[in-house]
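Everything below concerns the one structure shown next.
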Amino acid sequence: MPFFLEHALRITWLAVLGYWLWAARSAKPAQQQESGAKRLLMYWLPLIFAALLLGPSEWFAGNILREQFVPHSTLVYSVGLALCVSGATLAILSRVMLGRNWSATVQLKQEHELITHGPYRWVRHPIYTGFLLLFLGNAFMVGDWRGLLAVAIVLISFWRKLRLEETWLAAHFGQVYRDYQSHTKALIPGVL
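Mapping the sequence shown onto this note's numbering, position 80 (from 1) lands on 100, and the numbers just tick up by one.
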């Protein structure tokens with residue numbers, strides 16, 4: 021992978037993770053949240069495993085996961101980086117829109133507000149959409165099957181988390197949330 025694109029990928033991930041850590045300090049106190057053990061098992065461990073799958077190629081030498089699904093070319097790397105930057109931008113913008121309602125875990129906040137403007141006008145969970153784009157772009161830049169496996173793991177983890185959030189939000193906001201669900205897709209506008 022060309023030096024510039026490799027470093028642009030790292031900078032993109034560092035920008036997202038840095039913003040996430042910085043912005044987390046302003047979240048509202050939780051009113052309800054899932055258990056720490058469940059969060060670790062169902063969310064954090066899969067994300068860590070998916071991130072490790074995107075690690076150095078040498079870790080997977082001689083493994084079927086190292087087989088290419090796209091050619092290693094500047095064009096493919098550039099498309100992958102564009103997906104990463106788009107995903108990072110969407111995730112950060114969506115996080116900004118949530119403001120103090122955001123949390124890293126499934127929880128209801130004190131004085132929780134339903135946000136339906138900005139990216140939330142197109143999908144109910146644009147942060148997850150952004151991170152899926154980040155992982156998908158990274159998978160294209162890696163170019164091996166391990167990248168697509170990482171995307172699948174993240175999608176399954178996010179889908180499980182999303183379903184729990186939806187249950188809690190529907191219980192908390194009632195018909196207002198069900199109406200929002202009826203006209204706004206969860207992850208992909210008009211599709212899913």
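Just so you know, even glycine gets a beta-carbon here, dropped at the ideal spot from N, CA and C. All of these numbers come straight from a predicted model, not from anything done at the bench.
Tell me whether the beta-carbon of residue 33 lies closer than 7 Å to the beta-carbon of residue 128. no
Return the CA-CA distance between residue 98 and residue 25, expressed in angstroms with no decimal places. 7 Å
Would DSSP call residue 128 helix, strand or coil? strand
Whole angstroms are fine: how far does the CA of residue 147 sit from the CA of residue 47? 16 Å
If you pair each beta-carbon of the stretch 118 to 135 with each one of the stretch 89 to 107, do three or more pairs fall below 8 Å? no
Sequence-distant residues of the same chain with beta carbon closer than 6 Å to residue 193, five excluded per side: 134
Per DSSP, cross-strand counterpart(s) of residue 164: 88
Measure the alpha-carbon distance for residue 170 versus residue 87 and round it to whole angstroms. 14 Å
DSSP beta-bridge partners for residue 205? Bridge partners of residue 205: 143.
Verify whether the separation of the beta carbon atoms of residue 139 and residue 123 is less than 7 Å. Result no, Cβ atoms of residue 139 and residue 123 do not sit closer than 7 Å.
In its own chain, which residues sit with a C-beta less than 7 Å from the C-beta of residue 67, not counting the 5 before and 5 after it? Once the five neighbours on either side are set aside, the close Cβ partners of residue 67 are 174 and 177.
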